[in-house]
Each structure stands twice: as C-alpha cells, then as structure tokens.
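Right, one structure below, let's go through it.
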Amino acid sequence: MNFKNKTILITGASSGLGFSLAKSLPNENCSLALISRRKDKLDQFAFELKKKEFRVITYACDVGNNNEVLNTYQQIKKDFGKIDIAILNAGLSNRTNIENYSSGIANQIFDTNVFGIINFVEQLLPDFIERKDGTIVGVSSLADSRGFPRSGFYNASKAATTLLLESLRIELKPFNIKVLTVKPGFVRTPMTDKNEFQMPFLMNVDKAAKIILDGIRKEKRIIQFPLPIVIGSKILKYLPDWLFDFLMSKPLPARKNKNT
C-alpha cells in the first residue's frame, strides 16, 4: 500500500503519536483530515503542513461522542469526498488507585479508547463496504494481555480494542477492507510523561510513527514494537497466575528522570 493520492483521517492528531504520524507522512499528494478536541493546536500544525503542500483540514471532535463523530464524518465527506485510510489513534490513560476507583474514570477511558474507534467504524463501514476498499488502523497497546495494578481501566480498554479489531479484520476481509492493529510499548508522549515509574525501552515518538507507517505500507495485520516488550508481554500473558500476582505485587521502580 502506498499513500499517494490517499485521503487519510487521523484522530488524536493534536499531540503525541497522532501528531507525529501526520507530520511523518511522505508528501505524496496526500489529503489529511486531522481530528482532535483541541482545534487551536491542530490549526497551527495544519498551517505548517500546508507549507509542504499537503491538503489539510482540521476538525474539533470528541471521538467518544457518537453525535459529534457523525456530524464530523459527514463534514469530512463533504470536504474530501471519501476516506481511504482511517488511523484511529485517540487515546486516554489514567492511573487508578483503589482510593479513586470510579465508573466516571472508566467511562472517560472507554469512551475515548474503545467507543472512539467504534463510533468512527460505524460511519466508515457503509462507505468502505460499498466501495469494497478501505483501511482501518486502530491503536491498541502491548498492555492488552493482562491486568496490571493501577492500570485496570486502561488495560481492559486496550484488550477490548485488540479483540474488536481482530473480529473486524476477519469479518471485513471478504469486502477487501483491511484492518490493522497497532500495539506499541512505551512511547514518549504527553500521556506517558505523566508516568512516575520507569518505562523500559521508552521509544521516541517519531521513531514509533515511522514503524507504524512502514507497517501500514506493508499491510501488517499486527504492528507491534519494540521487540523486547513484545517478547515480555507474551511471556507475561502465559505466566501462571500465582507467579504473575507475585511479580505484580512488587512496587514499580521509580522514574529517575524524564528519559526513562
């Protein structure tokens, strides 16, 4: 797959991985529909991309709000005619202790991480199925295999994302619609900057974006990285429960500086 003359939708595009994906796209006459809650920052970013002769339009949208997604998608179709590739990247994380355990926090995380994908897929599918063409790229995480302390809502949302995309991949194959799942380890973004624990193999966001774009070009079903965390997550997945519980009961090493 190449990006030449493609219209690409990216959610969560105002910062972090979404921002880096947009700026890392090659100048192959792409058109970009960039979506975020923070349109002011998106507009500034779009101005820089337009200097590189990209066609860029920005949209303010809460991806967890189905009505907002419906209205935004209809406007995107008016502006561009169609979407070829949808990179559904918007994500939210929140460390949750027992003391602040609440359905409100869970709703926020699931609305963004899970329903943010479902809401856009709902709009994309009729057009993709009619054309028998289209690519859906959903961003999950290597933290989707087990429930880690103080990350239960996030882990559960990413497990749901992975399984959702997997089922879509199989169901949509007869329609020539590709569904790719991105499973990063730790990537340096404003979201991970809040973490107070050490993050092994923390990756530069631009490097992560390059790996993802290369994976999309190659139409890889699962785009996962870095390799040590991929291997570690598979080992953790199959650990006996008693051993996993023992390891997870140990305090996490504190983060020494912003580079770890």
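When you line the sequence shown up against the working numbering, it's residues 1 to 260, in that order. We put the beta carbon where it would ideally sit given N, CA and C, even for glycine.
Excluding sequence positions up to five away, which residues of its chain have a Cβ less than 8 Å from the Cβ of residue i?
i      : result
Lys132 : Phe175, Asn176 and Ile177
Phe153 : Asn94, Thr96, Ile105, Ala106, Ile109 and Phe110
Taking the alpha-carbon of residue i as reference, which of the options has the nearest alpha-carbon?
i      : options                           : result
Lys264 : Val63, Asn113 and Leu32           : Residue 264 lies beyond the range of the chain shown here (1 to 260); nothing can be said about it.
Thr112 : Ile98, Thr135, Arg146 and Asn66   : Asn66
Ile118 : Leu227, Leu243 and Thr11          : Thr11
Gln75  : Leu142, Gln123, Leu227 and Ser167 : Gln123
Lys50  : Lys250, Glu68, Leu243 and Pro26   : Pro26
Gly147 : Asp241, Phe120, Met203 and Val114 : Asp241
Ser102 : Lys173, Lys183 and Ser151         : Ser151
Phe201 : Phe225, Ile212, Lys220 and Arg221 : Phe225
Leu213 : Ile85, Ser167, Phe128 and Leu168  : Ile85
Arg221 : Gln44, Arg169, Asp245 and Asn100  : Arg169
In chain order, what residues of the same chain have a beta carbon less than 6 Å from the beta carbon of residue i, not counting five sequence neighbours either side?
i      : result
Asp144 : Lys158, Ala159 and Thr162
Glu28  : Phe3 and Lys4
Thinking C-beta only, is residue j closer than 7 Å to residue i?
i      : j      : result
Val179 : Gly116 : no
Phe80  : Thr135 : no
Ile35  : Tyr59  : yes
Gly232 : Ile223 : no
Arg38  : Ser20  : no
Ile83  : Leu164 : no
Val187 : Ala208 : yes
Met1   : Pro149 : no
Gly185 : Leu142 : yes
Phe120 : Val182 : no
In the DSSP assignment, what are the bridge partners of residue i?
i      : result
Val187 : Met203
Tyr73  : None, per the DSSP bridge assignment.
Phe225 : Pro184
Throw me the rounded Cβ distance for the residue i and residue j pair, which I believe falls under 8 Å.
i      : j      : result
Val139 : Leu88  : 7 Å
Phe47  : Cys30  : About 16 Å; that fails the 8 Å criterion.
Phe244 : Leu236 : 7 Å
Ser24  : Lys234 : Ser24 to Lys234, Cβ: 28 Å. No contact.
What does a CB cutoff of less than 7 Å around residue i pick up in its chain, not counting 5 residues either side in sequence?
i      : result
Val205 : Gly16, Leu17, Ser20, Val187, Arg188 and Thr189
Asn92  : Note that residue 92 is Leu in the sequence shown, not Asn. The answer, listed in chain order, is Gln108, Ile109, Thr112 and Asn113.
Is residue i near the ligand HEM - that is, is its Cβ less than 6 Å away from at least one heavy atom of it?
i     : result
Leu88 : Looking at this structure, you won't find the ligand HEM or any other ligand, since it has none at all.
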